[in-house]
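Residue numbers (my numbering): 730 to 1104. Data block below; observations after.
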């Protein structure tokens, strides 16, 4: 029986690797999923929540930008290296970053050239790092080279969004590759709640905004507040319903309240039905990050689409183009102004979700892309 190893330093099992594992098992592979025992968002140890995963112990860290975090990722890569040589898989599917995983996989493939390697780019390091000075220091260039060399020697490349394709176009010239958007599962009960609210229209002088996700250093708090202020200046009474946690939560709440907007912060909510109930009253959802972030399609935007929520967006690339083409929200300009405010059809937003971001669409893309590799 052929062996496959799936690798993710972060908690992307249910949102990325689970369908791939199931697909490979159907194709006759024995599959091992390797992930770390530390959750990046909560900064807490991971209890072994999935019995089919093997958890690699890594050092803990408290800050996203820290030496401790870098050390944790380097340690994870070294443990992966040991595991690969011990198990000797026929196929390796690895999510990058951390980019040092690519270094170890490339080393293994040079020794065992028949091994099939699939690299899945879920973020761009160092390009997405928020501090410009960090991006070009010597260590970051090494970090970039580990990723690029792994890409150039892989059998297939997935990227989370089309914007990553554009950044990596020189490395992808002679490599088979495809954009593999994230997917969002939705149970029947949640879908029923969403569908029952697709016709929601607020009172003409009231606007309710939603925010779901991490409240961290890349969230564009100033931009969000300027958008809210522009609505208030037009005579709207505004409220923000926010779900999530993060180191900038209190600052986010304070600045939004200073605009005169009513704030309702719910903390971490994991039940999808509860999210749907909380946000069913909302008119728009914020999908805004600082312009130093290199991302084309956020997880939170797919969350919003699955709830039928139009977005107020400043993310370039895939999301910007999707908003423009499908008319599912507003892209804000450099001054964070929304012009020609009108009604956005929530049903159209939900249709985009069903057409592009379901598990069924995701599985179809996997099968079309990997059929020759896994045969």
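Virtual Cβ for every residue (Gly too), placed ideally from N, Cα, C. Treat the numbers as computed from the prediction; the structure is a model and nothing was measured.
Straight-line gap, residue i to residue j (C-alpha atoms, nearest Å)
i            : j            : result
residue 947  : residue 976  : 11 Å
residue 736  : residue 961  : 47 Å
residue 803  : residue 827  : 8 Å
residue 1009 : residue 1054 : 24 Å
residue 1052 : residue 1060 : 7 Å
residue 891  : residue 968  : 33 Å
residue 874  : residue 923  : 44 Å
residue 844  : residue 756  : 16 Å
residue 838  : residue 848  : 13 Å
residue 807  : residue 833  : 8 Å
residue 949  : residue 941  : 13 Å
residue 984  : residue 963  : 19 Å
residue 810  : residue 830  : 8 Å
residue 884  : residue 776  : 33 Å
residue 903  : residue 846  : 15 Å
residue 986  : residue 998  : 21 Å
residue 842  : residue 748  : 26 Å
residue 1020 : residue 815  : 43 Å
residue 1086 : residue 870  : 34 Å
residue 1094 : residue 990  : 42 Å
residue 911  : residue 840  : 33 Å
residue 951  : residue 1102 : 46 Å
residue 778  : residue 905  : 34 Å
residue 1084 : residue 825  : 27 Å
residue 858  : residue 1046 : 17 Å
Neighbour-count burial assignment, residue i, 16 or more Cβ in a 10 Å radius
i            : result
residue 915  : buried
residue 746  : buried
residue 774  : exposed
residue 1105 : Coverage of the chain is limited to positions 730 through 1104, which leaves residue 1105 absent and any answer about it impossible.
residue 979  : exposed
residue 1001 : buried
residue 925  : exposed
residue 1088 : exposed
residue 943  : buried
residue 798  : buried
residue 1062 : exposed
residue 1100 : exposed
residue 996  : exposed
residue 792  : exposed
residue 813  : buried
residue 1071 : exposed
residue 921  : exposed
residue 740  : buried
Contacting residues, own chain, Cβ-Cβ under 7 Å from residue i (five flanking each side not counted)
i            : result
residue 900  : 877, 880 and 881
residue 762  : 735, 742, 746, 750, 781, 782 and 783
residue 927  : 1037, 1075, 1076 and 1079
residue 872  : 828, 854 and 855
residue 1064 : none
residue 760  : 733, 735, 750, 753 and 754
residue 768  : 740 and 775
residue 917  : none
Within 9 Å, strictly: CB atoms of residue i and residue j
i            : j            : result
residue 1079 : residue 1034 : yes
residue 1025 : residue 856  : no
residue 851  : residue 886  : no
residue 771  : residue 974  : yes
residue 752  : residue 731  : no
residue 1091 : residue 909  : yes
residue 1097 : residue 907  : yes
residue 959  : residue 1011 : no
residue 988  : residue 954  : yes
residue 744  : residue 913  : yes
residue 1056 : residue 1067 : no
Same chain, Cβ closer than 6 Å to residue i, five either side skipped, listed in chain order
i            : result
residue 801  : 787, 788 and 790
residue 765  : 738, 785, 787 and 805
residue 1014 : 939, 1033, 1038 and 1040
residue 957  : 967, 988 and 990
residue 935  : 966
Residues near residue i in its chain [Cβ-Cβ closer than 8 Å; skip 5 each side]
i            : result
residue 982  : 971, 992 and 994
residue 1042 : 1016, 1017, 1030, 1048, 1049, 1052, 1058, 1059, 1060 and 1061
residue 1027 : 942, 1016, 1018, 1044 and 1048
residue 836  : 810
residue 945  : 793, 975, 976 and 977
residue 817  : 732 and 841
Heavy atom of the ligand PLP within 8 Å of residue i beta-carbon
i            : result
residue 1099 : Within the structure as shown, the ligand PLP is missing, as the structure has no ligands at all.
Next on the checklist: Any contact between the region 989-1008 and the region 815-829? By contact I mean 3 or more CB pairs, one from each, below 8 Å.
Outcome noted: At 8 Å Cβ cutoff, the stretches do not touch.
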